[in-house]
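K.L.:
One structure is given below, represented as C-alpha cells, and several questions about it will come after.
Protein chains: 4
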Amino acid sequence: MRPTTVDDLRADAARNRARVLEVARELLAAGEATLPMNTIARLAGVGIGTVYRHFPTRQALLESAVMGGFEQLLAEAQSAAADDDPGAGLERLLRYGIRLQLGDVGLAAVLRSPECACARTSRLRADLLKAVGRLLERAREAGAIRPEIGADDVRRLSCGIVQAVRAGSSDEAEIDRYTNVLLCGIRPDR
Amino acid sequence: MRPTTVDDLRADAARNRARVLEVARELLAAGEATLPMNTIARLAGVGIGTVYRHFPTRQALLESAVMGGFEQLLAEAQSAAADDDPGAGLERLLRYGIRLQLGDVGLAAVLRSPECACARTSRLRADLLKAVGRLLERAREAGAIRPEIGADDVRRLSCGIVQAVRAGSSDEAEIDRYTNVLLCGIRPDR
Amino acid sequence: MRPTTVDDLRADAARNRARVLEVARELLAAGEATLPMNTIARLAGVGIGTVYRHFPTRQALLESAVMGGFEQLLAEAQSAAADDDPGAGLERLLRYGIRLQLGDVGLAAVLRSPECACARTSRLRADLLKAVGRLLERAREAGAIRPEIGADDVRRLSCGIVQAVRAGSSDEAEIDRYTNVLLCGIRPDR
Amino acid sequence: MRPTTVDDLRADAARNRARVLEVARELLAAGEATLPMNTIARLAGVGIGTVYRHFPTRQALLESAVMGGFEQLLAEAQSAAADDDPGAGLERLLRYGIRLQLGDVGLAAVLRSPECACARTSRLRADLLKAVGRLLERAREAGAIRPEIGADDVRRLSCGIVQAVRAGSSDEAEIDRYTNVLLCGIRPDR
DNA sequence: AATGAATGAGTCTTCATTCAT
DNA sequence: AATGAATGAAGACTCATTCAT
Chain W
2 MRPTTVDDLR ADAARNRARV LEVARELLAA GEATLPMNTI ARLAGVGIGT VYRHFPTRQA
62 LLESAVMGGF EQLLAEAQSA AADDDPGAGL ERLLRYGIRL QLGDVGLAAV LRSPECACAR
122 TSRLRADLLK AVGRLLERAR EAGAIRPEIG ADDVRRLSCG IVQAVRAGSS DEAEIDRYTN
182 VLLCGIRPDR
Chain V
2 MRPTTVDDLR ADAARNRARV LEVARELLAA GEATLPMNTI ARLAGVGIGT VYRHFPTRQA
62 LLESAVMGGF EQLLAEAQSA AADDDPGAGL ERLLRYGIRL QLGDVGLAAV LRSPECACAR
122 TSRLRADLLK AVGRLLERAR EAGAIRPEIG ADDVRRLSCG IVQAVRAGSS DEAEIDRYTN
182 VLLCGIRPDR
Chain U
2 MRPTTVDDLR ADAARNRARV LEVARELLAA GEATLPMNTI ARLAGVGIGT VYRHFPTRQA
62 LLESAVMGGF EQLLAEAQSA AADDDPGAGL ERLLRYGIRL QLGDVGLAAV LRSPECACAR
122 TSRLRADLLK AVGRLLERAR EAGAIRPEIG ADDVRRLSCG IVQAVRAGSS DEAEIDRYTN
182 VLLCGIRPDR
Chain L
2 MRPTTVDDLR ADAARNRARV LEVARELLAA GEATLPMNTI ARLAGVGIGT VYRHFPTRQA
62 LLESAVMGGF EQLLAEAQSA AADDDPGAGL ERLLRYGIRL QLGDVGLAAV LRSPECACAR
122 TSRLRADLLK AVGRLLERAR EAGAIRPEIG ADDVRRLSCG IVQAVRAGSS DEAEIDRYTN
182 VLLCGIRPDR
C-alpha cells in the first residue's frame, strides 16, 4: 500500500482533492458556511463518495480548506513572538489576524471552534497558542499588556472583534476602530 | 373583522400565543437556539398552523420570545443615560447587558442580528440606540469615552464580547475580565 | 387538539395510513423484509414525511403491519388455553402459529425479535406469553409436556421451526413433518 | 500463466489471502455478520481490489472463512457415521454441530444458506449430507430415528434450533434443553 | 381560529463494484 | 498481482411550509 500523506497521492486523486478544496473555498468566500457535502461534490464534478474519501467529516473539509490561512497566521505569530518590540509585534499580529479572519469565514470558524477534527489543525492551533504565549510573556515583561490576559483570551477576544466588525459595514475604518478597542483594552492602565 | 393587536385576541388565541412563547423561551434557556417550528408546536400542545398564525417567521417568534429581556435592557439603558456620572452609567449598562445576553441566547441573537422581523422590536432597538446615544454623548463630554465610538459600535462590540466569553468556560472571572477589556478599550487614552 | 388514536384519524389521514400499511404488507408478502421507507412512500403514493408521521421507525411500521396476524395468534392461544384437552390445544396452537408465520414473514420477524417498538405490540406479546403460560401449566399437569419447557421456549422453538421449514421447499408435508418434530420434542418421554 | 489453486499462489498473494480471511474471521467472531468488503480490505491492510481478486463475492469470502469449521463438522459427521451405536453417534453429532454453529455465526450462515458460492463448499456440503445420510440409515435400522427424517432435515432443523437458542440468553442449560427437544423430536414414538 | 396531515426538498451517509494506474 | 480512487445508487431522516378540514 502506498503511504497516505496529502503530498503523496495519485495524480488524479490529488487533482480531485484539490478541486474539492477549491470549491469549498469558493463557497466559503461566497459566505456559505454550511458546506453541504453533496453540493460540493456536484460543484467539484466528483462523486459524493470522493468527497467523503478525502474528508470524512465536514469539519475535516473545513479545516483542510483553511489550512493555508492558518499557516500564514502561525507564521505571523511566530514572527511577532520574535519581534524586538513585543508590543508592536502583538499589535501587528492582531491587525493581521483580524483581517485574515475577515477575509475568510472558514478560518474564522475554525479559530472560533473549540475542537479540531484533524490532527494537523490541532497541532497548528497548539503552535499558534504557544507562539502567542511567548509573545504575551515578553509583552508582559515590557509592560505592554495586562498580566491577566492569556493566549487563549487573545484568540477568543479577537474572534469576538471579528464578529463585531462583521455585524456592520466592515469597512476599513471600522476594522481599525474595533481593533483599536481590543488593543487598548488589553493594554495595562496607566 | 376583529382587530389584531396582541392585547386584543380571543381568550384561547391569547392562551395559545402565550404557550408558544413559553415553550420557545424554555428551549432558548436550554441552549437550543434553532427553535424548530414543529417541535415548538408539539411542546406547546398546539397545531403547527397556530404557531405560524401568531409568528409568521422564526425570527418573529424569536423576537417576541425575548421582548421582555429587551425591554429590561432598554430600561437599564435609559436609566444609565440619566445617570449623573455617564462613565459609571456606561459601565453599569455594559456589565448588565453582557450578563443579560449570556443568560439568554435568544436575546443575544436578536441584538446581534442586523434586521428585525417585528415593528415592535425595531422600535425597541431604535429606542435602545437612542438611549445609548444620549449616554455616549454625555460620556464623551465627560471625557469618559473615545469620541469615535458610537451607539451601534457599543452594541456590536458588546455582542462580540459575549461571544468571546461563550467560547470558553464563561465563569464569573472571565466575564469580568472580558468586560474590562471592552471598558478599557473604549475609554480614551490618557 | 384531536386525540391521536388510530381509530380516530381524519379521513384522509386514515386513508394514507391504510395505504402505507397495505403497501408494507404487499412487500412483506412478496418476501421483501427490509421495508425501505422511501420505497413504501413511493408505492403508497404519499410523501416520505407521511410515512414517518404515521410510523416513526421501520420497526413500528412492521409491527403495525402484522398487528392483525398477531391478534389472531393471540386469540388462538387464548382459545387453546381454554381447551378441555391442553395437549390438543397446544398442538392446535403450534400448528396454527407455525403456518401463520410461514404465511407472513413480517409476523415471523416480529415474533422472533426480542424487542417491540409499539406499546401495543408489547402488550400483545405479553398477553400471548401469558396465555401460552396458562396453557403449558395445564398441559404440564396433564403430563402432556416436559416440565422444563416454558412459554418463551415455545415461542423461540416455533420460530426456529419456521426458519427450518423456510430453508426448504416449505410444502405441506414438510410443515407437518417439522411441526411434529417440535411436538414430539416437547412431549415428555414415556 | 500460472495455475490458480489456493495452494499455488505467489508468496505475497498467499499472504494477502490469509490476512483477509483472518480479518473476516475476527469480524465474524465479534458477531459482525455483514462483512463489508471495504472494511475488510482496510482492516487487512490490503486494497479492496485484492479482496475481490481472491473472493469475487461476499458469499465466497464467507465460505472460505468458515471452511475450517466446516471440515471439522464433516469429520465429526463421518466419525459419527462410523460409530457402533448410530443413535449415540447422531446425538453426539447434533450436540457438536449446534455448539459449533453457536460459536461461529459465519458457519451457521453457510450451513443455513441454500446455495454455495465455492465448489469446495458444495463438495463439503455434499459430503456432509452423505455422511449424515449414512448415519441416518443406520440409525433408522436401529430404530433410533423416525424414518421420514432425512439428512437435509437434520441440517435445517439443527439450524433452526441454533436460531432458537440465539434468540435468548444462550446459556449452557438452554443449549442442552433445546438440543434435547430436537433429539426427542426426531426419535420414533414408543 | 385552530388544527395537523401532507408534502418534498435537502442533507447525510454507506457500501458494492469498477477500472485506471 | 495489487492497489485504491472513484463512482453513484440507495436509503435514512429532518423540517419548513402549505392547505384542506
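Residue numbers (the working numbering), protein chains in the order written: chain W, 2 to 191; chain V, 2 to 191; chain U, 2 to 191; chain L, 2 to 191. Here a beta-carbon is modelled for each residue, glycine too, at the ideal position from N, C-alpha and C.
Indicate whether at least one CB of chain V lies closer than 8 Å to the CB of W/Arg-113.
P.N.:
The beta-carbon of W/Arg-113 is placed less than 8 Å from the nearest beta-carbon of chain V.
K.L.:
Is there at least one Cβ from chain V nearer than 8 Å to W/Leu-158's Cβ?
P.N.:
yes
K.L.:
Can you pull the chain U residues whose beta carbon is under 8 Å from the beta carbon of L/Leu-183, in chain order?
P.N.:
Val-182 and Gly-186
K.L.:
If you check the beta carbons only, do V/Thr-180 and V/Leu-112 fall under 8 Å apart?
P.N.:
no
K.L.:
Just to confirm my understanding: we take U/Cys-185, look at its own chain, exclude 5 residues before and 5 after, and list those with CB closer than 6 Å. What are they?
P.N.:
none
K.L.:
How would you call U/Ser-65, buried or exposed, if buried means at least 16 neighbouring beta carbons within 10 angstroms?
P.N.:
buried
K.L.:
Considering only the beta carbon of each residue, do V/Leu-75 and V/Leu-129 sit closer than 8 Å?
P.N.:
Between V/Leu-75 and V/Leu-129, the C-beta gap is smaller than 8 Å, which places the two residues in contact.
K.L.:
Should V/Leu-1 and V/Val-24 be called a contact, given that it needs their Cβ atoms to be closer than 8 Å?
P.N.:
Summary: the structure shown does not reach residue 1 of chain V, with chain V confined to residues 2 through 191, and so no result is reported for it.
K.L.:
State yes or no: is the C-beta of V/Gly-32 within less than 8 Å of the C-beta of V/Val-133?
P.N.:
no
K.L.:
Report yes or no: is there a C-beta of chain L within less than 8 Å of the C-beta of U/Gly-48?
P.N.:
no
K.L.:
Taking 8 Å as the CB-CB cut-off, is V/Tyr-53 touching chain W?
P.N.:
no
K.L.:
I'd like to know if the stretch 74-91 of chain U and the stretch 143-159 of chain U are in contact, where contact means that at least 3 CB-CB pairs between them fall below 8 Å.
P.N.:
Because the criterion of three Cβ pairs below 8 Å is met, the stretch 74-91 of chain U and the stretch 143-159 of chain U touch.
K.L.:
List, in order along the chain, the chain U residues whose C-beta lies closer than 9 Å to that of L/Gln-164?
P.N.:
Arg-113, Arg-157, Cys-160, Gly-161, Gln-164 and Ala-165
K.L.:
For the alpha helix (DSSP H) containing U/Ser-170, list its first residue and its last residue.
P.N.:
Here U/Ser-170 belongs to no alpha helix (DSSP H), and DSSP marks it neither H nor E.
K.L.:
Excluding the five sequence neighbours on either side, which residues of its own chain have a C-beta within less than 6 Å of the C-beta of W/Arg-191, listed in chain order?
P.N.:
none
K.L.:
Along the alpha helix (DSSP H) that carries U/Phe-71, what are the first and last residues, could you check?
P.N.:
59-82
K.L.:
Using only the alpha-carbon positions, how far apart do V/Gly-48 and V/Thr-40 sit?
P.N.:
10 Å
K.L.:
What's the C-alpha gap between V/Glu-27 and U/Leu-136?
P.N.:
53 Å
K.L.:
Quick check on V/Arg-3: buried or exposed, where buried means 16 or more other Cβ atoms within 10 Å of its Cβ?
P.N.:
Only weak support exists for where V/Arg-3 lies, its pLDDT of 45 falling under 50; the value from the coordinates is given anyway. Around the beta carbon of V/Arg-3, fewer than 16 other beta carbons sit within 10 angstroms, so the residue counts as exposed.
K.L.:
Figure out for me which residue from W/Asp-13, W/Ala-34 and W/Ile-187 has the closest Cα to the Cα of W/Ala-110.
P.N.:
W/Ala-34
K.L.:
Can you check whether the C-beta of W/Arg-211 is within less than 8 Å of a C-beta belonging to chain V?
P.N.:
Summary: the structure shown does not reach residue 211 of chain W, with chain W confined to residues 2 through 191, and so no result is reported for it.
K.L.:
Taking all protein chains shown into account, do 16 or more other C-beta atoms lie within 10 angstroms of the C-beta of V/Gly-69, making it buried, or fewer, making it exposed?
P.N.:
exposed
K.L.:
Distance cutoff 8 Å, beta carbons only. Does V/Ala-143 sit that close to anything in chain W?
P.N.:
no
K.L.:
Buried or exposed: which applies to V/Gly-161, given that a residue is buried once 16 or more other Cβ atoms fall within 10 Å of its Cβ?
P.N.:
Note on V/Gly-161: 16 or more other CB atoms within 10 angstroms of its CB, so buried under the neighbour-count rule.
K.L.:
How about W/Arg-178 and V/Glu-149: do their beta carbons lie closer than 8 Å?
P.N.:
yes
K.L.:
Spatial neighbours of U/Gly-169 within its chain, please: C-beta separation below 7 Å, excluding the five flanking residues on both sides.
P.N.:
Glu-175
K.L.:
Return yes when the Cβ of V/Ser-159 is within less than 8 Å of the Cβ of V/Leu-125, no when it is not.
P.N.:
No, the pair does not count as a contact, with Cβ atoms beyond the cut-off.
K.L.:
Check each candidate in W/Ala-42, W/Ser-171 and W/Ala-165 and name the one with the smallest Cα separation from W/Arg-59.
P.N.:
Measuring from the Cα of W/Arg-59, the nearest candidate turns out to be W/Ala-42.
K.L.:
Just the C-alpha distance for W/Pro-57 and V/Ala-82, rounded to the nearest angstrom, thanks.
P.N.:
If you take the alpha carbons of W/Pro-57 and V/Ala-82, they lie about 53 Å apart.
K.L.:
Which chain W residues are close to V/Asp-153, counting only those with a beta carbon under 8 Å from its beta carbon?
P.N.:
Gly-169
K.L.:
If you compare alpha carbons, which of L/Pro-189, L/Tyr-97 and L/Asp-153 is closest to L/Pro-115?
P.N.:
L/Asp-153
K.L.:
Under 8 Å, do V/Leu-108 and V/Val-166 count as touching if we go by C-beta distance?
P.N.:
no
K.L.:
Give the single residue among L/Ile-99, L/Arg-16 and L/Ser-171 whose Cα lies nearest to the Cα of L/Arg-157.
P.N.:
L/Ile-99
K.L.:
Report back the beta-carbon spacing between L/Arg-20 and L/Gly-50 to the nearest angstrom; my notes put them in contact at under 8 Å.
P.N.:
Rounded, the Cβ-Cβ distance is 14 Å, inconsistent with contact.
K.L.:
If I follow the unbroken alpha helix (DSSP H) through W/Ile-99, where does it start and stop?
P.N.:
87-103
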